[in-house]
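I have placed the structure first, in the form of structure tokens, so that the comments after it can refer back to it.
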Amino acid sequence: MKRVLVASPLVFVLALACASGGQSSGRTAPSRDVITAEEVADASLSTQSAYDVVQRLRPRWLRSRGGGTAGLPMLVINNIPSGDLERLRSIAAIDVSEIRFISSQDATTRWGTGFVGGAIEVVMR
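Quick note: the sequence shown uses the numbering used here, first residue 17, plus one each step.
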């Protein structure tokens, strides 16, 4: 005697929900290494400074990676090394296209020595 397994419609709905990953909005999750202009707008931070944006959305970027202030990330603006993070306070968030964290290894490869704590790269509009 053969047995037939009949699934209810609820099983199919649950299977589809799991297959879609539970995302229905079509938006992707924010990257942990990139802040986009859209994220800034969504968080209503466009009237703030770039420093405020990083502090609110990715505060771990502002932490030292050892060695006190020498372990802080350096600032890079439009692919040009631009000093320490304090300069972020003078950049209006509305003028920023993207902010990206670059690891110390990648920053050293791209811009040379002095990036013990990595870099925060700002791409201006």
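Backbone N, C-alpha and C fix where the C-beta goes; we use that ideal spot for every residue, glycine too.
Residue i to residue j span [Cα, whole Å]
i      : j      : result
Phe117 : Gly128 : 16 angstroms
Gly84  : Leu101 : 14 angstroms
Ile110 : Ala66  : 8 angstroms
Gly133 : Leu104 : 16 angstroms
Asn94  : Val112 : 10 angstroms
Ile136 : Val92  : 6 angstroms
Asp58  : Ser98  : 28 angstroms
Gln71  : Leu78  : 7 angstroms
Ile138 : Ile115 : The sequence shown places Val at residue 138, rather than the Ile named in the question. Cα to Cα, Val138 sits roughly 5 angstroms from Ile115.
Thr63  : Ile51  : 16 angstroms
Sequence-distant residues of its chain with Cβ nearer than 6 angstroms to residue i (five each side left out)
i      : result
Phe131 : Met90, Ser120, Ala123 and Thr124
Val56  : Ser62, Val69 and Ala109
Residues bridged to residue i (per DSSP)
i      : result
Ser65  : Ala108
Arg116 : Val50 and Glu137
Leu10  : Because the chain is modelled from 17 through 141, residue 10 falls outside the range shown and cannot be assessed.
Buried versus exposed call for residue i [16 or more other C-beta atoms within 10 Å across all chains shown]
i      : result
Ile107 : buried
Ile96  : exposed
Arg74  : buried
Spatial neighbours of residue i in its chain, beta-carbon cut-off 7 angstroms, leaving aside the 5 residues before and after
i     : result
Asp49 : Arg116 and Phe117
Ala86 : Val132
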